[in-house]
Every structure is written in structure tokens, then in C-alpha cells.
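Down below is the structure, laid out as C-alpha cells.
Protein chains: 2
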Amino acid sequence: MIQPSRPETAAAEILCVGTELLLGNIVNSNARWLAEQLASLGIPHHRQEVVGDHRARLICAVQSASRRCRLLITTGGLGPTPDDLTTEAIAAAFEAPLEERAEVWADIQTKMTRRGRPPSPEVRRQALLPVGATLLPNPTGTAPGMIWTPVPGFTVLTFPGVPSEMKAMWSATAAPWLQQAGLAQGVFASRILRFWGVAESTLALRVEDLLAGANPTVAPYAGAGDVSLRLTAAAADQQAAEALLDPLEAEVRARLGQSCFGGDDDSLASVVLAKLRLRGQSLAVAESCTGGGLGAALAAVPGASDVFLGGVIAYANAVKQQLLAVPAELLREHGAVSDPVARAMAEGVQRLTGSTWALAVSGIAGPGGGSPDKPVGLVHLALAGPHGSSSEGVQFGASRGRSWIQTLSIGEALNRLRLALD
Amino acid sequence: MIQPSRPETAAAEILCVGTELLLGNIVNSNARWLAEQLASLGIPHHRQEVVGDHRARLICAVQSASRRCRLLITTGGLGPTPDDLTTEAIAAAFEAPLEERAEVWADIQTKMTRRGRPPSPEVRRQALLPVGATLLPNPTGTAPGMIWTPVPGFTVLTFPGVPSEMKAMWSATAAPWLQQAGLAQGVFASRILRFWGVAESTLALRVEDLLAGANPTVAPYAGAGDVSLRLTAAAADQQAAEALLDPLEAEVRARLGQSCFGGDDDSLASVVLAKLRLRGQSLAVAESCTGGGLGAALAAVPGASDVFLGGVIAYANAVKQQLLAVPAELLREHGAVSDPVARAMAEGVQRLTGSTWALAVSGIAGPGGGSPDKPVGLVHLALAGPHGSSSEGVQFGASRGRSWIQTLSIGEALNRLRLALD
Chain A
1 MIQPSRPETA AAEILCVGTE LLLGNIVNSN ARWLAEQLAS LGIPHHRQEV VGDHRARLIC
61 AVQSASRRCR LLITTGGLGP TPDDLTTEAI AAAFEAPLEE RAEVWADIQT KMTRRGRPPS
121 PEVRRQALLP VGATLLPNPT GTAPGMIWTP VPGFTVLTFP GVPSEMKAMW SATAAPWLQQ
181 AGLAQGVFAS RILRFWGVAE STLALRVEDL LAGANPTVAP YAGAGDVSLR LTAAAADQQA
241 AEALLDPLEA EVRARLGQSC FGGDDDSLAS VVLAKLRLRG QSLAVAESCT GGGLGAALAA
301 VPGASDVFLG GVIAYANAVK QQLLAVPAEL LREHGAVSDP VARAMAEGVQ RLTGSTWALA
361 VSGIAGPGGG SPDKPVGLVH LALAGPHGSS SEGVQFGASR GRSWIQTLSI GEALNRLRLA
421 LD
Chain F
1 MIQPSRPETA AAEILCVGTE LLLGNIVNSN ARWLAEQLAS LGIPHHRQEV VGDHRARLIC
61 AVQSASRRCR LLITTGGLGP TPDDLTTEAI AAAFEAPLEE RAEVWADIQT KMTRRGRPPS
121 PEVRRQALLP VGATLLPNPT GTAPGMIWTP VPGFTVLTFP GVPSEMKAMW SATAAPWLQQ
181 AGLAQGVFAS RILRFWGVAE STLALRVEDL LAGANPTVAP YAGAGDVSLR LTAAAADQQA
241 AEALLDPLEA EVRARLGQSC FGGDDDSLAS VVLAKLRLRG QSLAVAESCT GGGLGAALAA
301 VPGASDVFLG GVIAYANAVK QQLLAVPAEL LREHGAVSDP VARAMAEGVQ RLTGSTWALA
361 VSGIAGPGGG SPDKPVGLVH LALAGPHGSS SEGVQFGASR GRSWIQTLSI GEALNRLRLA
421 LD
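Quick mapping for you: the protein sequence lines, in order, are chains A and F.
Using the numbering used here, read the first sequence as starting at 1 and increasing by one per residue.
Using the numbering used here, read the second sequence as starting at 1 and increasing by one per residue.
This is the structure in C-alpha cells:
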């Protein structure tokens, strides 16, 4: 084996403790939240680990971390039950004795009594902290954490696994302490730019030279159909970090043009709704294979109702005929999945609702219903506007599966309208 | 420092690769899913780790894992961009050269061409695997994984970070391989029982005695509105494991009654569609605040079209009047979010489509639009059937936010129809 370079020691690590995480019973939302907090404080963070409620493995994880990083954040394992072992294991990792803190035991008794529960002997374990550790108070729960520097250059902060308690303790005590202790190094600012209609690999190629930058950095990632770039800058303060990002964002937008549909919390639906709102125009939908998903994407955006009127879910052909007045001949001659029918659907719902614009989707989401002529993944997308209508067939590929084909159809339909509004 | 005991080497570890996880941009749902799969295969799993897209740290993580465990599952970092480093780093960790696999490159070209995108040189990187590694095919995406035993007693399986691709690869190739390779120890059989209309804490209380069992085990977990119990049994073979689960499932079902709507891959929508299919009956929907999400939940189920006809998205009041013939007086007198209007919507769409059953949803998903009389979170749900219609108001609570209120409305509407069909 080759020897890897020793990782930087200045960084932070997160250690989440809990067998329920290893069994897949719950998703590790604490790690995500802590990661965001560390990033916003400008504390570089290179590693997360999850271990179960197991004394030897906990000791091993803490000792390893102490050799790699300056700051270890732990969550979980501070409760009163026998499988809550975090404090005890951390103390054992550095051969420090535990001692009961009178003020903690008093606080636990007060909280238990207020909840109408007698303070049990099990709960008293939570008042034990290693000698030399500083209390990290828990304003809402009975399990306090600690701030402890057991060896020079290595500090551990412990939090309970209950998200609300962890967050309250972080904001009240841990974040200010990290800033005061000089562990927060400036700030990181981050922006997301979102794209549609460009593959992740193509996008990366267009910004290849920028991907190599050290500060600010550019990193691509892919969702279901949409692709994003994350721009991140480190600086002494927020303003300086944003100033590093401004020219970079302008450069990326100039290179990628219309395929960039927005940033941060934008979705294709929110962007389309905002453009229509500015124009004072309205939108309706007629959906076959997406079954209402296009409407739901629009309705997911708060305040959609001043633009989005509604529409028709024309899943069955009879509904296409009866509600949208799609002529029976068109259905017979071209089939439901065709440009003429998609156009007739869009025009039909535009007429019915009086909307300025209308989108229609008719396709084969699979897994059944395909034919050599019209395979699974073929979707026809129509747009009716103030000056007429158009439709186009798109082949998303059968291999992507029903749910992804539906998601892509919704995004592609919204993107067509977005481009028409540019 | 004391020497911790060496952790067992028989176990598996999960390594998730991606700077977006360290920055807290996304939650690590892949780790949870993989943890569940390992548990269901009876593969003990003691550790999860997250590292960024960083070559040296990746090499270090893989080497450390190879000294601790028999099986390492990685996700992420298999894409075409320069920061996708997983395959390369794993090869470097064991000083193995990479080689291009002709069949992978051919498959990538086919998939790209089918999607109308020229295969770029960057994508070709994805055809590189270490010498000696076995291909772990990716049926839907262009990034394949590998199954590789670089040193005796240590095997690594790689997956892309895109959840749908990872899951498809796991089910098609990885899970059967793990069973064949004897890494799955004995057999774990697992069943999920799904519930609606009961809180997780209530459910746990009703099966409290069963939660303490060692084999089979019962574990509760909660989604958005639905709650599940996972029943797991370990035994020498599948039949013996299932035999342990049968009486347990019967006991749980007897205790929880109608609140159990199904198991495993069932959804409320799939259960309702199956019940209607058996009766030869059809369903239509009329949606206001869910904007099409109820229809989309039904259309998400393959083969929905023989039961689900479609419906009307009546987001604007004008659409409620014009398409569903909701009388203007009803809207004036009671407001759109009311039992009379919800009933008129359900009856309207039933009449329009000729469906046997119709569901209607009208509510205030927020964050705006609430009033003291009709606060955010108030939703009226109506059901029209062969023998008349009914409607009821439900208060989901403003604090849950728009998306959750929409999800709960969809589930609650489907659940009402399910109970009506019992």
C-alpha cells in the first residue's frame, strides 16, 4: 500500500452515535445541520462518521479523530439509558475519571419535577462529566453536553441526538464559543446555480478551468434532470466572500446562457411563475402521463395562485375528449401520445380556463404501454400561448423508469415555457 | 492513551463521498437506505463515514476501512467530472492500474446517443475500472460501479450517488452477489407494515411489549404522515425466517386494525387502486390546494390507468365554477375551503368523468391565505361515491408548512376512500 498524505489537522469532524442510524431507522439529519453550521462559521470540515452505541468502537473513533482533527463534534448517546455511552467512552479514550457536577444534577431534578416525573437514578448518570470538561448547557432537555480539550490541540463538543436540543445548545453556547476560541476562521459564502437541459458532463466541460480554482471553488452536482453548480468562497467577512462570488457567478452565467434557470431556492416552477407574475399572465395545465405532477410542481411554490389557475388531468382518453374537446379523429389517427393530441390538449385547457398560457403533457411513462412505434419514455409536450401553439416529442429513454420519466416530463414542460418567456 | 480493542473484521462499512454532504447541502439519505439493505441481508454494519471529493482523504478512508472490515460499500464520486474521484482513489489505495472496459464504453455511448447527447471525452472516464475488478452494471445511468477484492478478505462495492441508480444496481446485482458470496450470514427476512392515522408514539405504545423482542424484532419509524413498523427475523433459511414473522404480523395487525393499510411497497394510492380494480370501479379527483398532487400520487402507481380517469385541478375559484360547476352562491356563502364546496367539487368531477368515485381537496396550504376563521392547515376533504357524497374538515396545523400540509391532505383523502372501500 502507498502511504496517503496525512490529512490536515486544522479541520473539524462530526461523529454521530446511534445504532438506529446504522440500522437505517432514521436519516442522519443532524450531520447535515451541523455541516451547514460549520460551513457558515468558516470551519473546514472534512469527515463525518457514524458508529453505534458500542463502547470499544466509540473509544476507537474518538482516539482516531484526536489524531486527525482539532475539533470533534459528537451527537447522540448522552441520554439516561444503558446504551448511552458517549460521555463515558470519551472520558475512557483519554483515561480521565468522571465526576458528578452538582449544578447539573440540580438542573435535572428541577426539569424532571416540572414534567411530573420523579428523577430516577438512571437520569443521574447524565450529571457525570470528565474531570476538566466544561459544561455545555442543555436549555430544554436533561442531557447536557461538554466542551473538553483532553489533549493539547484537540477539543470535543458533545450534543444529544434530539435535533431541537442539539440546535438550541449550538446556537446558545457552542457557536459563540467556537468564534471566541478562534476556531471559526473567517466565513464561507455559498451560492447554487441551477441548470436545465445540459448534462452534468457538458456543464463541467464548459467550466472546466473554474473547477480547478481554490477560492472561490466551483463544484457540479446532478439531481433528477436538473444539474447545479455550487460556488463557494472563503473570506474574512460575509461582504468580502460575496465580492469573490459576484464575478464568478457572472462568468458562469455568461458561459452557460439560457440553460441557467436560477439559483439557490429557485425551481423551474418558481422561475416560470415569477416571469408570468411580472407580465400579469396566467397558466393552466393539461396532463396525461404526469397525472397532476406538473400542477403539483406549480402548487408547491407559495403564492402560486395569482398565476396558476389549474387545469385538467386527462389520464383517460375519454377525459381528453369530454373535458378538453380533443377530437376523436385525432386520437384515432395519431394516438394519444402525439403532437396533434398534445396541442389539442393545451389549446383545450387554455380555452376552458381562459389562461394566457397552457402546457400539455402526453406520454408513455411505462413500464407497460410501449410499442415499437411509441416506446416507453416517449413524451409529447405542447405549449399554447397568446400567439398560437406548438408541440414536440421527446424521448427520455425507457431505462429511466416511470417516476424519473414523469419528473423529466414536468421539468422539460416548464423549461419550454421558461424559454418562451425569455 | 489506552489501546481500544480491535473492532470485529467481519462487518461492513459504508463510505459516502461528496463535498455536498460535508457542506450540508443535502441530507445523506443513501446511507440510511444502504443501512436498511445491509440489515435486511443480515450483514452486520458498524460504521459509516462521509468524506469530500478529495483524493488523499479518500485513499486514507479506503485503506483504513480495509484494515477494519470485510466489506466496504461506497456511494458517490463515479460521475464524469474532475471531482469524481472514487474509482481512481480506490485503485490508488491498492496501487492497481486502471483499464478501460470496452463493454462499459459501448454502453455509455449507446445511452448518451439514445438521449440525443454526443458521448464526450469526459464521460469516457467512467469506463475505467481497476484491473481485476468486476463490473457492477448501472442499468439506468452511465456511471457503472464495481465489485473488487483488492486484498484477501476485503471487498469494495461502488455505487453512484444518484439514489435511483444506486438502488437499481443494489437490487439487480449487489444484493444477489452478497448472498451468493456468503457475506450475508444466514437469512434476515423483513416485512414493513404501513399505517395511516396513528401517531408513532401511539403505535409504539400499542406494541411496546413486542419492541423488546430479540428475534424477531419490531422497530417503528415515521415518514410524512405515515408510520411503519419493520418486522425482522433471522433464521437459517428464508422459510424459517418467514415462519417467525407470520404470527408476529398477525398479532400486530390484530392490535392495530384498520389503521394498517398495507406492507412493503404498498402506498395508500396503490392500495386504493387495487381495491377499485377488484370491484371494476373508477376514480376521478378534483384538487384545489394540492394542485395535482393527489392525481400524481395515483399516477405514480404503474398500471393506474385502468382505474384512475383523471380529473380537474381547480386551483382558481373560476375553474371551480366553470369546469366543476360549483355554484357561485356556495363559494360566496361558505368560501372555497368548506364542506359544501368540497362536496360540489367531488360531485362535479364525478359527473364530468362518469367515475364511480371522486375525491376532492380544498384547503389552505399556506404560508399565506389563512384567517382566524380558516387558519393555514385547514383542509376540507370530500368523497363522492355510488351512494352519495360527504365531506369533512381537517386541521393539520400551520406549523407543518406548505409541503407537509399538501402531503398530509393527499394521504388523508386516499385513506378516506380506502376505509370506504373496506
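Each residue gets a CB set at the ideal place from its N, CA and C atoms; glycine is no exception.
Residue range of the alpha helix (DSSP H) that includes residue i
| i | result |
| --- | --- |
| R125(A) | Note, R125(A): premise wrong, no alpha helix (DSSP H); not H, not E. |
| L421(A) | Premise fails: L421(A) is in no alpha helix (DSSP H) and is neither H nor E. |
| C60(F) | R55 to R68 |
| L23(A) | First-last for L23(A): undefined, no H or E at that position. |
Pair within 8 Å by beta-carbon distance, residue i and residue j
| i | j | result |
| --- | --- | --- |
| A365(A) | I405(A) | yes |
| I73(A) | L157(A) | yes |
| P130(F) | A96(F) | yes |
| L273(A) | A304(A) | yes |
| E49(F) | E49(A) | yes |
| G393(A) | L414(A) | no |
| A284(A) | T173(A) | no |
| L330(F) | V341(F) | yes |
| F188(A) | V151(A) | no |
| V361(A) | T290(A) | yes |
| A241(A) | A235(A) | yes |
| A204(A) | P118(F) | no |
| G24(F) | A65(A) | no |
Spatial neighbours of residue i in its chain, beta-carbon cut-off 7 Å, leaving aside the 5 residues before and after
| i | result |
| --- | --- |
| M166(A) | N30, T75, F159 and P160 |
| R206(A) | R255 and L256 |
| P367(A) | V376 and R402 |
Cross-chain neighbours of residue i in chain C, by beta carbon under 9 Å
| i | result |
| --- | --- |
| R47(A) | Absent from the structure is chain C; the protein chains it does hold are A and F. |
According to DSSP, residues forming a beta bridge with residue i
| i | result |
| --- | --- |
| F424(F) | Outside the displayed span of chain F (1 to 422) sits residue 424(F), for which this structure offers no information. |
| C16(F) | V50(F) and T75(F) |
| E392(A) | L381(A) |
| R400(F) | BP columns for R400(F) are empty, so no partner. |
| G262(F) | R194(F) |
Own chain partners of residue i with C-beta closer than 6 Å, once the 5 adjacent residues on each side are dropped
| i | result |
| --- | --- |
| G423(A) | Residue coverage of chain A in this structure runs from 1 to 422, which leaves residue 423(A) outside it and unanswerable. |
| F396(F) | G377, I405 and L408 |
| S228(A) | I192, R194 and Y221 |
| G79(F) | A143 |
| H46(A) | A11 |
Min CB distance residue i to chain F below 8 Å
| i | result |
| --- | --- |
| F261(A) | no |
| Q281(A) | no |
| L323(A) | yes |
| S403(A) | yes |
| A300(A) | yes |
| L211(A) | yes |
| M1(A) | Since pLDDT at M1(A) reaches only 34, below the 50 mark, its modelled position is unreliable, and no value is offered. |
| T353(A) | yes |
| N215(A) | no |
| T9(A) | Note that T9(A) has pLDDT 42, beneath the 50 cutoff, so the model's placement of it is unreliable and no number is given. |
| V376(A) | no |
| W33(A) | yes |
| E329(A) | no |
Range covered by the beta strand (DSSP E) that runs through residue i
| i | result |
| --- | --- |
| V319(F) | Looking at the DSSP string, V319(F) is not in any beta strand (DSSP E); the run it does join, the alpha helix (DSSP H), is N317 to Q322. |
| T232(F) | D226 to A235 |
| P340(F) | No beta strand (DSSP E) contains P340(F), which is instead part of the alpha helix (DSSP H) from D339 to T353. |
| P150(A) | G145 to V151 |
| S362(A) | W357 to G363 |
| L135(F) | T134 to L136 |
| T86(A) | Per DSSP, T86(A) belongs to no beta strand (DSSP E); it is in the alpha helix (DSSP H), T86 to A93. |
Cutoff 8 Å: residue i Cβ touching any chain A Cβ
| i | result |
| --- | --- |
| S5(F) | In this prediction, S5(F) scores a pLDDT of 36, lower than 50, which makes its location untrustworthy; no coordinate-derived value is stated. |
| V319(F) | yes |
| N25(F) | yes |
| R191(F) | no |
| L128(F) | no |
| P247(F) | no |
| F188(F) | no |
Close Cβ partners of residue i (< 8 Å) along its chain, the five nearest in sequence each way excluded
| i | result |
| --- | --- |
| L452(F) | Absent from the model: residue 452(F). The displayed extent of chain F is 1 to 422, so no value can be given. |
| A199(A) | V227 |
| P327(F) | Q321 and A344 |
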